[in-house]
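Undergrad:
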């Protein structure tokens, strides 16, 4: 079981690292757009599409890692007053019985949408650039699947008493806050 949890945590870390790389691609694309628009008077057709697709990708690629590190916003003013074991059981049950199934369903629907977009060659219909959308839809599906797996892993950690609610892991896959 510990090996499976480590693999799930590693997947979250790898996707977060990929998300960091996507941020650099977003910066380069936006700098190119600004220079093209204001220095040469030639705005690009693709800047808006790239910006929302890459921003969405960053968000979804980092979601599982954020859950792993317990940095999602949580409303716990009532549960904080409970004994630690009760908090673990409550959080673990919610993660296992509510969040894992919901994100799994979302990931399934997103993967079907990505597959359909790939097969049909779907493009962004409201964009003058009209990019194919299956790569973006695929990132959505992968990010949601990783989030569902991470919810399951966190539920196991909480229910087994290996983790306390609000407690981040000691080591963050080399992604310390000072970087």
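Numbering (our numbering), first residue to last: 23 to 201. Just so you know, even glycine gets a beta-carbon here, dropped at the ideal spot from N, CA and C. Keep in mind the model is a prediction, meaning the values are calculated, not measured.
#1: Tell me which residues share the same chain as residue 133 and place their Cβ nearer than 7 Å to its Cβ, disregarding the 5 neighbours each side in the sequence.
#2: What do you get for residue 53, buried or exposed, if any count of 16 or more other CB atoms within 10 angstroms of its CB means buried?
#3: Sort 105, 158, 34 by Cα distance to residue 136 and report the nearest one.
#4: Out of 114, 48, 138, which one is the CA nearest neighbour of residue 68?
#5: Mind pulling the alpha helix (DSSP H) runs of 4 or more residues that sit fully within the region 78-122?
#6: With a threshold of 6 Å on Cβ separation, who are the neighbours of residue 150 within its own chain once the five nearest residues in sequence on each side are excluded?
#7: Please name the residue in 177, 165, 185 whose C-alpha comes closest to that of residue 85.
TA: Put simply:
#1: 163
#2: exposed
#3: 158
#4: 48
#5: 106-116
#6: 67
#7: 165
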